[in-house]
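Q: Using our numbering, you'd call the opening residue of the sequence shown number 8 and step up by one each time.
Here it is: the structure, laid out below.
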Amino acid sequence: MAWREKLAWLAIAGMLIGYVPFFYLFGREAAAGGPSMGRFLLLLGIASAVRVAIEIGGRLVLMLRLGAQAREPADERDRAIAARSSSFAYLALLAGMIVVGMFMPFSQQGIAIVNAALFAIVAAELIRCLAIVLSYRLGWQ
């Protein structure tokens, strides 16, 4: 498995472990009247800290175990995969931000808009990482 594919798997794990519980709890509290700003920020802080801890810890473990492979510069294939994956993520982020910025202000307010923007960002990053994994697995270039 390529170094950058391992990093993509690590990012996917970090986002799923960190943000799936966040969005679940937020959705449950939103159905009951919505969380307070303090509660929202607390949940967001915990989710982000979990993601960062998983990614930094995982990168350190991978770097120690793989040594020289972790320090190899990206080749043409790696750069092509990164560019293609970023273009998929950009389209997802653009669509999400259009919904958040152009439609939601007429029907939602406050934390709901912020949460939708965060969801669009996390979804775009998941799409980018999944595209990286699929590119290495399926040989897309």
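Think of the CB as a built atom: it goes at the ideal place given N, C-alpha and C, for glycine as much as any other residue.
(1) Relative to the alpha-carbon of isoleucine 134, which residue among Ser94, Glu62, Met44, Leu69 has its alpha-carbon at the smallest distance?
(2) Thinking glycine 103 and alanine 127 are a contact (beta carbons under 8 Å), I'd like their distance in whole angstroms, please.
(3) Select from Ala99, Leu14, Ile88, Gly52 the residue whose C-alpha is nearest the C-alpha of alanine 138.
(4) Starting from valine 129, follow the alpha helix (DSSP H) in both directions and report where the run begins and ends.
(5) Could you round the C-beta distance between alanine 119 and alanine 39 to whole angstroms and report it? I think they count as a contact, below 8 Å.
(6) Taking Cβ to Cβ, would you say isoleucine 63 is nearer than 9 Å to alanine 20?
(7) Quick one, which of Ala54, Trp10, Lys13 has its alpha-carbon nearest phenylalanine 30's?
(8) Is DSSP giving aspartate 85 helix, strand or coil here?
A: With the given structure in hand:
(1) Your numbering for residue 134 matches position 127 in the sequence shown. Comparing Cα-Cα distances from isoleucine 134 to each of Ser94, Glu62, Met44, Leu69, the minimum goes to Ser94.
(2) What you label residue 103 is simply residue 96 of the sequence shown in a count that begins at 1. What you label residue 127 is simply residue 120 of the sequence shown in a count that begins at 1. Confirmed, Cβ separation roughly 2 Å.
(3) Position 131 of the sequence shown, counted from the start, is the residue given in the question as residue 138. Checked all of Ala99, Leu14, Ile88, Gly52; the closest Cα to alanine 138 is Ile88.
(4) Walking along the sequence shown from the start, residue 129 turns up at place 122. Element bounds for valine 129: 118-145.
(5) Along the sequence shown, one-based indexing puts residue 119 at 112. Along the sequence shown, one-based indexing puts residue 39 at 32. No, alanine 119 and alanine 39 are not in contact; Cβ-Cβ is about 14 Å, not under 8 Å.
(6) Position 56 of the sequence shown holds residue 63. Position 13 of the sequence shown holds residue 20. Cβ distance not < 9 Å, so isoleucine 63 and alanine 20 don't count as in contact.
(7) Here residue 30 is taken as the residue at index 23 of the sequence shown, counted from 1. Taking only the C-alpha atoms, the option nearest phenylalanine 30 is Ala54.
(8) Here the question's residue 85 lines up with position 78 in the sequence shown. Three-state DSSP puts aspartate 85 in a helix.
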